[in-house]
Every structure is written in C-alpha cells, then in structure tokens.
Amino acid sequence: MNDRYGSDVLSGDWRAPKRGRSREVPAERDVVVEDAQSGYVGAVVRVEKSGGTHVVFLEDRFGKTRGFALGGGFLIDGEPVILTPPRPADAATLAERKVQAGRTASGSVAVPNARARVALGSRIFVEGRHDAELVEKVWGDDLRIEGVVVEYLEGVDDLAAVIRDFRPEKGRRLGILVDHLVPGTKEARIVAEAQALPQARDHVLIVGHPYVDVWQSVRPERLGWSKWPTIPKGQSWKHGILAELGWPHQSQADVARGWKQILGTVRTYADLQPELLGRVEELIDFVTDPEQQ
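Just so it is clear: in the sequence shown, position 131 is 131 by full-length UniProt numbering, and no numbers are missing.
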C-alpha cells in the first residue's frame, strides 16, 4: 500500500543539532580545540580550578594563552565536544613524568651542573642559520656535553668543496644535514657527487630530511594546523607560509621574526617530525663514535 505522506517526520533523533551531539573529551595537554563562540583555536596547556570552576587554558599559534570555562561550547575538527577535567594520572604516568623532568629537550637524561666538553675535532654541518638554531634548541645540552660543534653552511651548492676543505679523518669526522633530500632533486645530485669523493669514504656521513625547509620539521599542530599548507610554485615558500599564518611577510626581517615565533613553539623533541629527529640522532652518533675519536 502506497504511503502518500511518506515517513514520519518525528521519527529518529529530530532534535539532534546539525553538527551532531557533543561527545566528552578529556582536556589533556596539546589537544587542539576551537571555542565555538569566539572562533579562538588553541592547544590545551593546562587546567586549573578557580572559585569552584575548572578553567582550561588554550595556547594559540602565536604563543598567546586564553582561559575558558571547562565544559561545552568547543569544537574538534568541526565536531562539538564537551571538555572534561583531564584523567588522573596513574602511578606509571606519574613515574614517567618524574623521569621526564630530569631529561633534556632531546629526551636524553640530563646531567646536572655539567660543564661543556672541549670541542671535538668532528663537526656537524647544517644548511642554514634556522637549521642550526633548531638543532641547538633541542640537542644543545647533549652536544655541549659531547663536545660537538654545529656550524651552518648557507647552502650546499658546493658540498664537495666543503668536504675537501674540512679534510675529514679519524678523530675529525664530518656529519652533514641536508634539506629536501629526495630522489630527483638538485640536492640529491649534489650529495651523490660529494659522497663519491675519496675523502668522504669513511669519515663523512650525509643525511637529509624530505622537507622543503627545516621549518616544516616542526609539527604543524604547534601552529594550529593539521598539516603544512602547499605554497604555489613561483612564490617564496617562507613568505607564503607566513602569509598563511596571517603574520607579516613582506621583508626578510618579517621572515626572521616569523621563524623566531615558529621556533618558540618548539619545546622538546616531541614537537618535531620523526624524519628530522632520526637524522640528527644519526649524525650525533656518527661524530661521537668513541672508536673513531
């Protein structure tokens, strides 16, 4: 029998909001949420109780922090959520936090009051100033204890000449980190030519990450993104990134200030992509090999 009036319009959850019903999410550190009313987006940095009310503090991509009442009115990936107090840490988590408190930014065990070691003959070279500053921020404590100096090259166009001038040998090893080292690129060709040198056979290690610039090795979540944006060819990549962030991007001074802001979002190795982490650790192990000192 044909139903001329169709289905019952009152059947189902007709009161459900368009975005769906809110789900509860613990306000754990680094969870990125949006305040639905103001549009403010930030990562959870802490939850405090004030006057009987829980307040969640969110840090935006500029490093600024704002407090909001814990509860409903938040979005995660466009879906409504109710932020609840973070789950109590169990004994294992508390123990881990105590261990982490005694670690460096790279995750290594911190050595209290340690003095910098006299510099080794071995060195790590990176492409530019920003690479060097990032390595210093995360691995600086470890490198000072090991006596490893990081220098920057201002590009790798003449990498073979750098190796010849350095004259690597036992006790004077050279590790080099290259940006955008992927098959078929100019960087891949330059590295292949450098690795073919007799001087590079035993005491030079060249590794690279796949990113256009070391900026991309910072996890995009630290800037409020789910992934780094694609910048059209023909446009300056760094200027394009700053424009996407809504930051000043006209001059080199703007680029320098922008990088300082990005670097400021990096707290520990956990804020970096694994493709960079593994390569830097590999270089440190190579130049500090006790059998080669």
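From the three backbone atoms N, C-alpha and C, an ideal C-beta is built for every residue, glycine too.
On a predicted model such as this, the values are computed, not experimentally measured, just so you know.
For residue j and residue i, the rounded distance between their alpha carbons
i            : j           : result
glycine 128  : valine 162  : 14 Å
leucine 174  : valine 191  : 14 Å
valine 138   : lysine 49   : 32 Å
proline 26   : valine 44   : 10 Å
arginine 46  : leucine 70  : 11 Å
glycine 102  : serine 108  : 9 Å
glutamate 24 : alanine 36  : 15 Å
arginine 219 : serine 226  : 9 Å
leucine 134  : leucine 159 : 21 Å
Cβ neighbour criterion (16 or more within 10 Å) applied to residue i
i             : result
residue 298   : The chain is shown only over 1 to 293; residue 298 falls outside these bounds and no answer can be derived.
aspartate 142 : buried
valine 216    : First, the amino acid is wrong: residue 216 is glutamine here, not valine. Under this definition glutamine 216 is a buried residue.
lysine 238    : buried
aspartate 285 : exposed
glutamate 291 : exposed
threonine 288 : buried
leucine 283   : buried
glutamate 169 : exposed
arginine 61   : buried
Close-in-space but distant-in-sequence residues of the same chain around residue i (CB under 6 Å, 5 per side omitted)
i                : result
valine 33        : Phe74, Ile76
alanine 243      : His249
phenylalanine 57 : Val45, Arg46, Thr65, Gly67
Residue j beta carbon less than 7 Å from that of residue i
i             : j            : result
isoleucine 82 : glycine 67   : no
serine 106    : tyrosine 269 : yes
histidine 54  : proline 85   : yes
glycine 121   : arginine 172 : yes
alanine 209   : arginine 164 : A quick correction: the sequence has histidine, not alanine, at residue 209. Against a cut-off of 7 Å, the Cβ pair of arginine 164 and histidine 209 comes out as no contact.
valine 156    : valine 178   : yes
7 Å Cβ shell around residue i - same chain, five flanking residues per side excluded
i          : result
valine 149 : Ala119, Arg123
Those residues which DSSP pairs with residue i across a bridge
i            : result
histidine 54 : Lys49
glycine 208  : Val178
Spatial neighbours of residue i in its chain, beta-carbon cut-off 8 Å, leaving aside the 5 residues before and after
i             : result
glutamate 221 : Asp30, Val32, Ala43
residue 309   : It is not possible to answer for residue 309, since the shown part of the chain is limited to 1 through 293.
proline 232   : Gly240
glycine 258   : Lys238, Ile241, Leu242, Leu245, Trp247, Pro248, His249
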